[in-house]
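Q:
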Amino acid sequence: MSARLRARARRRDHDYTLDDLRPLLVQPEQERLKSLEHKLETPEALAEAIGEVLARAAVVSQKRGEELASAMQPLLLASIHDAVRKNPELFAEAIFPSIGPAVRKAARAALEALVLRIDDMVQRTMTLTSLRWRIEAARTGLPFVEVVMRHSLAYRVEHVFLVHHESGIVLQHVAAEDVTSEDPDQVSAMLAAIDDFARDAFREKTEAGLSRFCVGELTGIVEHGPRAMLVAIVRGVASKDVEVSLAGTLEEIHRTYADALSHFQGEVAAFEKARDALVGCMREERIQKPTSRRRGVLVLAAIATLALVGAGIGWKTVHDRNRRFDAYVDALREEPGLLVTRTGRQEGRSFVEGLGDPLAKDPAALLARHGLDVSEVELRFKPIYSLDPPLTERRASQVLRPPAGVSLGLADGTLRITGVAERAWIDRARLLATSLPGVTALDDTRLFEAEALRTAKAAAATLEGIEIVFPRGSARPSQAERARLDAAARAVQGLLDAAPRGGLSARIEIVGHADATGTPERNQRLSEERASSVSTALGARGVPTEPLAARGVGDAVRAAPKVTFVVRLSPAREGS
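Next comes the structure, spelled out in structure tokens:
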């Protein structure tokens, strides 16, 4: 057989299919897949496989962060709760060796702290130093606690802030119990602003930052780390221990929260447990001062003496104040228009309640007279209209506004008005008087009209200017004198009408005269006859003759055959 035929025959003998080759190619992988499938589908095999790597996986996860611990926490808590509920005796037996000493230690520490606080409180309260501090607090206006801390503390850490370096966000913050907590974000923003200013102003290119700053009596100590920084706000002069404590705490935080700090996206809840580490930085150191038992006794005696003196002064002060207040209340009760209904003390101030007329004396104006101040006494008076005569009279004067020459008086509810006023005011007074509170009647019998007074005086002047002339030797007036007699009658009538309304009483004298041609006896008789003749003529004209008086003077005065008039005006008598 030729070589070519032999080669072709060899190729036909080794011509295998793909199905023949597949077991040779994938059989190892198939076996491994079946083994994995068996482990996944069989719980016992799967548990055995997980058990081989579970411990190592927990260690690796713990190094990366606390995610595994957070995930396992609910499961562990539920498991422990279920175990304690099912078998409490076993749990009690397990913790018995440690719970007893822990409770005893905590109780002993609490009692020691209580004893120290009581001793410290007594020392601060019952010493001369404490008294001096209280005086300083009253003088400066500072709280007593702040004065005590200023004198008794060498230093105290009042705030500790954990701040993220890159973002400046406050991750955690703790403060002393009796210190007002400031806004942590404001503090962080201030630190960032100062740090940036220092770097920009002084062109500082290193990673070093602000390490210390002062604000009044407070000092800020800043400890920097790669990812975060700690800021402690200290009152007083801090020792080196504070910086050492901050540095150690910051290193511990970087170790515990390395992953959270590296991948921080603003979630501060992950740093909640860091608060315990910050609390460890809250330190204080007191100034130790030697005490003396003898000095304490003397101080107690001095304080007791001062207390007794103060109590005596206080008692006298209160007694004097009460005495002045009682005298003030008695004075109010005597004032017209004021009615005191209740007195007492409330919220450290005396008070007086009552009713007061607006026209009564102001109760506040009487305080100074009795050594009291408005700040010491609260006045609670409600307005009323008093019927006391002085106030009713004052109210009438305020409403009626009497003119000059008119006076008002009140007696038994009757308002009496006296004087001379214009007719318009008199009409208004008569209209308003009885409508006033406390006025039941009006007596205006002595209230006269100014217009009538002027009319009466004018009529009197007119009458005195009239002369009735007689023929020589005759006692009868001539016919030519009839007009003058009429004028005289009108003047007399007007005078008699106006005089009473003007508050006057009028008396008219008709005086007869004679010339000197006859004997004195004859002239006297003739003058009397002439006066009587004129009086009769006036009566005939309707003039009342009661106010008229006729008399003769002979030839002694104004020797002439005539009659003149003399008017005598006088104030009208009351009741006339």
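Residue numbers (UniProt numbering): 1 to 576.
We put the CB at the ideal spot given by N, CA and C, even for glycine.
Computed from a prediction, not measured in an experiment: that's the story for all the values here.
Please determine if the segment 354-363 and the segment 306-323 are in contact, where contact requires at least 3 C-beta pairs separated by less than 8 Å.
A: no
Q: How would you write the range of the alpha helix (DSSP H) that K457 sits in, first residue to last?
A: Looking up residue 457 in the sequence shown gives position 457. It spans 450-464 - the alpha helix (DSSP H) in which K457 sits, taken as one unbroken run.
Q: Do the segment 491-504 and the segment 523-533 meet, that is, are 3 or more Cβ pairs less than 8 Å apart?
A: no
Q: Report the CB separation of L447 from T418 in whole angstroms; it is logged as a contact under 8 Å.
A: Within the sequence shown, numbered from 1, the residue matching residue 447 stands at position 447. Within the sequence shown, numbered from 1, the residue matching residue 418 stands at position 418. Indeed they touch by this definition, with Cβ atoms about 6 Å apart.
Q: At the level of alpha carbons, what is the spacing between W133 and A238?
A: Along the sequence shown, one-based indexing puts residue 133 at 133. Along the sequence shown, one-based indexing puts residue 238 at 238. Answer to the nearest angstrom: the Cα atoms are 23 Å apart.
Q: Go through its chain and collect everything with a Cβ distance to I221's Cβ below 7 Å, but skip five positions before and after it.
A: Stepping through the sequence shown from its first residue, residue 221 is reached at position 221. Closer than 7 Å at the Cβ level, and outside the excluded window around I221, lie R212, A232, V234, A238, V242, E243, L246.
Q: Give every residue of the same chain whose Cβ lies closer than 6 Å to the Cβ of T440, excluding the five residues on either side of it in the sequence, and list them in chain order.
A: For the purposes of this step, residue 440 is taken as the residue at position 440 of the sequence shown. Contacts found: G413.
Q: How big is the Cα-Cα spacing for G337 and F351?
A: Walking along the sequence shown from the start, residue 337 turns up at place 337. Walking along the sequence shown from the start, residue 351 turns up at place 351. Those two C-alpha atoms are separated by around 19 Å.
Q: Between which two residues does the alpha helix (DSSP H) containing K240 stretch?
A: Locating residue 240 in the sequence shown gives position 240, where the first residue counts as 1. First-last of the alpha helix (DSSP H) with K240: 240-256.
Q: Count the other CB atoms, across all protein chains shown, that sit within 10 Å of the CB of K240; report buried if there are 16 or more and exposed otherwise.
A: The count along the sequence shown starts at 1 and reaches residue 240 at position 240. By the neighbour-count rule (16 or more Cβ atoms within 10 Å), K240 is not buried but exposed.
Q: Taking buried to mean at least 16 other C-beta atoms within 10 Å of its own C-beta, is M72 buried or exposed?
A: Along the sequence shown, one-based indexing puts residue 72 at 72. With fewer than 16 other Cβ atoms within 10 Å, it is exposed.
Q: Please classify C214 as buried or exposed, where buried requires at least 16 neighbouring CB atoms within 10 angstroms.
A: One-based indexing of the sequence shown puts residue 214 at position 214. Counting Cβ neighbours within 10 Å, C214 comes out exposed, since fewer than 16 surround it.
Q: How is R32 classed by DSSP in three states: helix, strand or coil?
A: Position 32 of the sequence shown holds residue 32. Helix.
Q: DSSP three-state call for K273: helix, strand or coil?
A: Within the sequence shown, numbered from 1, the residue matching residue 273 stands at position 273. K273: coil per DSSP, three-state reduction.
Q: Can you name the residues that DSSP bridges to L548?
A: Position 548 of the sequence shown holds residue 548. For L548, which the question treats as bridged, DSSP gives the partners I508.
Q: Within its chain, find whatever has a CB closer than 6 Å to the CB of G409; leave out the 5 residues flanking it on each side and keep chain order.
A: Your numbering for residue 409 matches position 409 in the sequence shown. R416.
Q: Whole angstroms are fine: how far does the CA of L453 sit from the CA of L431?
A: Here residue 431 refers to the residue found at position 431 when the sequence shown is read from its first residue. Here residue 453 refers to the residue found at position 453 when the sequence shown is read from its first residue. Between the alpha carbons of L431 and L453 lies a gap of roughly 22 Å.
Q: Opposite P477 in the DSSP bridges: which residues?
A: Taking the sequence shown and counting its residues from 1, the one referred to as residue 477 is at position 477. P477 pairs with nothing; no bridge assigned.
Q: Count the CB pairs spanning the segment 298-312 and the segment 268-277 that are closer than 8 Å, and state whether there are at least three.
A: no
Q: Since L387 contacts Y328 with CB under 8 Å, what's their CB separation in whole angstroms?
A: One-based indexing of the sequence shown puts residue 387 at position 387. One-based indexing of the sequence shown puts residue 328 at position 328. Not really, about 24 Å apart at Cβ, beyond 8 Å.
Q: Restricting to Cα atoms, I'd like to know which of H81, E37, D357 is closest to P389.
A: Sequence index remark: in the sequence shown, residue 389 carries index 389 (1-based). For P389, the closest C-alpha among the options H81, E37, D357 is that of D357.
Q: Which residues mark the beginning and the end of the beta strand (DSSP E) in which S533 is found?
A: Taking the first residue of the sequence shown as 1, we reach residue 533 at position 533. Element bounds for S533: not the beta strand (DSSP E) but the alpha helix (DSSP H), 520-540.
Q: Thinking C-beta only, is A269 closer than 8 Å to A260?
A: Within the sequence shown, numbered from 1, the residue matching residue 260 stands at position 260. Within the sequence shown, numbered from 1, the residue matching residue 269 stands at position 269. By the CB criterion at 8 Å, A260 and A269 fall outside the cutoff.
Q: In whole angstroms, what separates the C-alpha of R227 from that of E267?
A: Locating residue 227 in the sequence shown gives position 227, where the first residue counts as 1. Locating residue 267 in the sequence shown gives position 267, where the first residue counts as 1. Going by the C-alpha atoms only, they are around 15 Å apart.
Q: Nearest by alpha-carbon distance to T219: which of V157, D497, A540 is it?
A: The residue given as residue 219 occupies position 219 in the sequence shown. Nearest option by C-alpha distance: V157.
Q: What is the rounded straight-line gap between the Cα of G405 and the Cα of E449?
A: For the purposes of this step, residue 405 is identified with residue 405 of the sequence shown, where counting begins at 1. For the purposes of this step, residue 449 is identified with residue 449 of the sequence shown, where counting begins at 1. Their backbone Cα atoms lie some 12 Å apart in a straight line.
Q: What residue range does the beta strand (DSSP E) around I287 cover?
A: In the sequence shown, the residue the question calls residue 287 occupies position 287. Note, I287: premise wrong, no beta strand (DSSP E); not H, not E.
Q: Under the three-state reduction of DSSP, which class applies to E41: helix, strand or coil?
A: Here residue 41 corresponds to residue number 41 of the sequence shown, with the count starting at 1. It is helical.
Q: Count the other CB atoms, across all protein chains shown, that sit within 10 Å of the CB of T564; report buried if there are 16 or more and exposed otherwise.
A: For the purposes of this step, residue 564 is taken as residue 564 along the sequence shown, with counting starting at 1. Buried: at least 16 other Cβ atoms inside 10 Å.
Q: Taking the DSSP output, what are the residues bridged to D443?
A: Counting from one through the sequence shown, the residue named residue 443 turns up at place 443. Per DSSP, R416.
Q: Measure the alpha-carbon distance for D444 versus R342 and round it to whole angstroms.
A: If you number the sequence shown from 1, residue 444 lands on position 444. If you number the sequence shown from 1, residue 342 lands on position 342. Going by the C-alpha atoms only, they are around 42 Å apart.
Q: Taking the Cβ atom as the reference point for each residue, do A460 and L538 lie within a distance shorter than 8 Å?
A: Within the sequence shown, residue 460 is the residue found at index 460, counting from 1. Within the sequence shown, residue 538 is the residue found at index 538, counting from 1. No, the Cβ-Cβ distance between A460 and L538 is not below 8 Å.
Q: Considering only their Cβ atoms, is the gap separating D515 from D555 smaller than 8 Å?
A: The sequence position of residue 555 within the sequence shown is 555, counting from 1. The sequence position of residue 515 within the sequence shown is 515, counting from 1. Contact: yes.
Q: Can you find the residues in the same chain that come closer than 8 Å, C-beta to C-beta, to R568, ignoring five residues on each side of it along the sequence?
A: By one-based count along the sequence shown, residue 568 stands at place 568. The residues are A506, R507, I508, E509.
Q: DSSP three-state call for Y385: helix, strand or coil?
A: Here residue 385 corresponds to residue number 385 of the sequence shown, with the count starting at 1. If DSSP states are grouped into helix, strand and coil, Y385 belongs with coil.
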